[in-house]
Structures are given as C-alpha cells and as structure tokens.
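Input: a single structure, listed below in structure tokens.
Numbering (full-length UniProt numbering), first residue to last: 1 to 398.
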C-alpha cells in the first residue's frame, strides 16, 4: 500500500483509516519521508503512543516542539513557551497553576454560566434555513466560554476566533491559511495576551487571566511573557478542539438516527456518548516528540534526535484495544481513547470540553425538534486538525 500520512490531501475525506489500519498491522513503527528531506517515525498502535506519551524523559516535547515540521529557530523559541511544548521542570509549576483553575468544583460552579451562554446561542440560531453548523452554531459556545473565562471584551471575540482559526488552518487556502498567516496570527494573539497580563498584574480580578498571573505555584509566578504563550494555547485549544468535537459528534449522530433519538430522550447518557464522540472524531491527528537518547520502540531502533509522531487518530481505532473500532457506539465502556493525549501533556481543558459538549447537546435537544443534513460536510485540509470547515444543516424549531 502507498503510505502518505503527511500530505494534508490524505485527510480530505477524514481519517485515512485504510492507511492507518495497514500501518498498525504491518509497520507500527514506520519511517516516513518528509518533503523537506529526512523523515520521521510514525507510531500507529495504541500501546506505543501510550508509552511515548508517558516517557517525557526519553521523548521530549520541547526539543523541536510538537509539530512534525521543524521550525525556524526564532519561531521555535516563541512556541516553546506554550505548555504543550515544555518539558519538566519548566512544565510543572505552570501546568499546576492552570489545573488549579479547572478543578471539578470550579467547573461545577461554571456550569450555570456555560448553560446560559448555550441557551443564548440556541435562541439566536436560524431555524428553518440552511446554516453552516460549524461556524453558525458549534463554534459559538467554545469561543464565548473561553473568552468569558478570560474576561475578554465581547467586541474582541470575533478577533480571538479569527486568530485561532488562522493558526490551525495553515495548510487550507479556503480558510486563509498560509505559514505567514499562522505566524502573524500567533504573534498578534500572543501580544494581546501579554497586554491582558500586564493590565491585570497585581490586581484583584477573579477572571482566569488575573488568577493565573497573580498566584505563586511551587515558588514560581507566571510572568507576562509566559502568560502570552499560555494564552495562545488556551484560546486556540478552547476554540478548535471543542468545536470539532461538537460538530463531528453531531454529524455522527445524524448518520445514526437511532443514536440521536436515544440521547435526545435520555440526555443522562451524554457523558458516555461524548467519550465515543471524542474517540471517533479525535480533534488532533497527532503530536510529535523528539528522542533525547538512543532507544527502541517495539523492535525498531530510534536514534537521539529522531522525530517520533504519535498518531492519536490511529491509536483510537486500534483493534487490539477497541472491540469493533469502526462502529460508533454511544454506550462504549471502557473507552481508553487518547483524543486528549496522555501523561503530563494531557489536554488542560479536557474536562471543560466535556462539560461544554454535554451542555451544548442538552440545550440543543431542548431548543430544536430536529436537525437534518442538507449536504456532505467538508473537512479542513490538514494533517493535524481533524474537523469540518463546512457542515450544511437545517434546524427544525420546537
């Protein structure tokens, strides 16, 4: 089989399941050529992805960052300030500072606010005419929630979303993507984050910005520059992954009307269903690590400095872990998917995303009598982001 899991065009119809299945069976540690020369190792099995995710000493996120393409030194230095691109000891204090603001208790306190936002979104949705579910509905909640948590003026919300979209669409010209646009959006967004931190330093606000920069964790206080990088990660992740989860999850329910009706009638079953949506949709195809020493994965020798790519969207369909992996099962349990990664770099907002998705579907079922697909969804042209850019639907009001 011809294997090319680098080209964004390989993802034009979603996850390239045929290639991933071949890799899992025949070459679970696969040397893949890179168009700029050299290559990288592709890990397709759940066990190997899990092992590398856990071993941050041997497989570094900071050395080379988390994208498969090597970055220019000036850009590399900038993105290494993001938590997802940090190794211990730098990683720990900043992560714990953020995690302390996303506890179960704090999220429970946020639920009424998130539900109110969701109800406003449903009330403003245009029923009876064709809409793009991605932009007109699914994307509104995560943008509003993350911006509200950061106390960003509502007039800036469209700009935050545009910066976020540009940074995840570098390979999709339909979305204005280009390497230059990605870099500029990251710089502009980081600069805005820096200004927020500077304004709220030593203040008494209770927004997420103020809470993060005005606390000390393990003897460390988050600086304005550290927050600027953290802000980019929080805002982009808070927008893209949850939007992908909601829109792709809804699309799958529409392909299985019995599952849609079951959740509409029994919304208490949503938490388990959302885990299956996460496994199935997997908002990120991969992250990269770089070997810090000579090592072995499976029976394959890996040399220091080699790039190692963890294919989450292959691991989530590993036949040795998931029974009938190509069946979308809203009652699947257990469901050890890795849609949020694993280990010290497990997604910071994983539980916030779960909460947002649950509330979205609860309020959607209350607000609308139904939803119908009016065309096939169109995927973002990306080997990194798994999500739709178009999902035409029509809503039926109650």
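Backbone N, C-alpha and C fix where the C-beta goes; we use that ideal spot for every residue, glycine too.
Please read these numbers as outputs of a predicted model, since none were measured by experiment.
Residue i in three-state terms, based on DSSP
i           : result
residue 324 : coil
residue 132 : strand
residue 11  : helix
residue 370 : strand
residue 113 : helix
residue 376 : coil
residue 216 : strand
residue 286 : strand
residue 5   : coil
residue 171 : coil
residue 256 : coil
residue 339 : coil
residue 60  : strand
residue 300 : strand
residue 71  : coil
residue 314 : helix
residue 152 : coil
residue 125 : coil
residue 319 : coil
residue 88  : coil
residue 239 : helix
residue 244 : helix
residue 266 : coil
residue 204 : coil
Where the alpha helix (DSSP H) containing residue i begins and where it ends
i           : result
residue 160 : 157-167
residue 293 : Neither: residue 293 is in no alpha helix (DSSP H) and is coded neither H nor E.
residue 344 : That residue, residue 344, is in no alpha helix (DSSP H); it is neither H nor E in DSSP.
residue 222 : It is not in any alpha helix (DSSP H) - residue 222 carries neither H nor E in the DSSP assignment.
residue 148 : 140-149
residue 18  : 17-26
residue 66  : Taken as a continuous stretch (DSSP letters only), residue 66 belongs to no alpha helix (DSSP H), as it is neither H nor E.
residue 191 : 179-200
residue 48  : 46-54
residue 334 : Where residue 334 is concerned, there is no enclosing alpha helix (DSSP H), given that its DSSP letter is neither H nor E.
residue 101 : Per DSSP, residue 101 belongs to no alpha helix (DSSP H) and is neither H nor E.
residue 84  : Looking at the DSSP string, residue 84 is not in any alpha helix (DSSP H), and its letter there is neither H nor E.
residue 271 : 270-281
Residue i: first and last residue of the uninterrupted beta strand (DSSP E) it sits in
i           : result
residue 40  : 39-43
residue 307 : 307-311
residue 393 : 392-397
residue 32  : 29-33
residue 385 : Taken as a continuous stretch (DSSP letters only), residue 385 belongs to no beta strand (DSSP E), as it is neither H nor E.
Supposed close pair residue i, residue j - CB separation, criterion 8 Å
i           : j           : result
residue 368 : residue 127 : 7 Å
residue 85  : residue 113 : About 30 Å; that fails the 8 Å criterion.
residue 348 : residue 83  : 7 Å
residue 28  : residue 298 : 6 Å
residue 125 : residue 136 : 7 Å
residue 321 : residue 43  : Between residue 43 and residue 321 the Cβ distance is about 14 Å, and since that is not below 8 Å, they are no contact.
residue 284 : residue 273 : Actually they are not in contact, since the Cβ atoms of residue 284 and residue 273 sit about 20 Å apart, beyond 8 Å.
residue 281 : residue 245 : 6 Å
Own chain residues within Cβ distance below 6 Å of residue i, not counting five before or after
i           : result
residue 315 : 46, 49, 338
residue 181 : 166
residue 144 : 117
residue 242 : 142, 353, 356
residue 213 : 197, 201, 222, 227
7 Å CB neighbourhood of residue i in its chain, flanking five on each side removed
i           : result
residue 107 : 351, 352, 355
residue 60  : 87, 289, 290, 292
residue 232 : 82, 186, 189, 190, 193
residue 329 : 276
residue 158 : none
residue 103 : none
residue 76  : 65
residue 287 : 66, 310, 341
residue 398 : 367, 368, 369
residue 305 : 290, 291
residue 375 : 392
residue 129 : 394
Residues near residue i by beta carbon distance below 8 Å, same chain, minus five either side
i           : result
residue 36  : 69, 70
residue 8   : 171, 172, 381, 382, 383
residue 379 : 11, 12, 13, 14, 386, 387, 388, 389
residue 226 : 81, 94
residue 239 : 139, 142, 143, 146, 160, 161, 164, 165
residue 111 : 355, 359
residue 19  : 1, 3, 4, 5, 10
Residue i: CB within 7 Å of a non-hydrogen atom of the ligand NAP
i           : result
residue 110 : The model on display carries no ligand, and the ligand NAP is accordingly not part of it.
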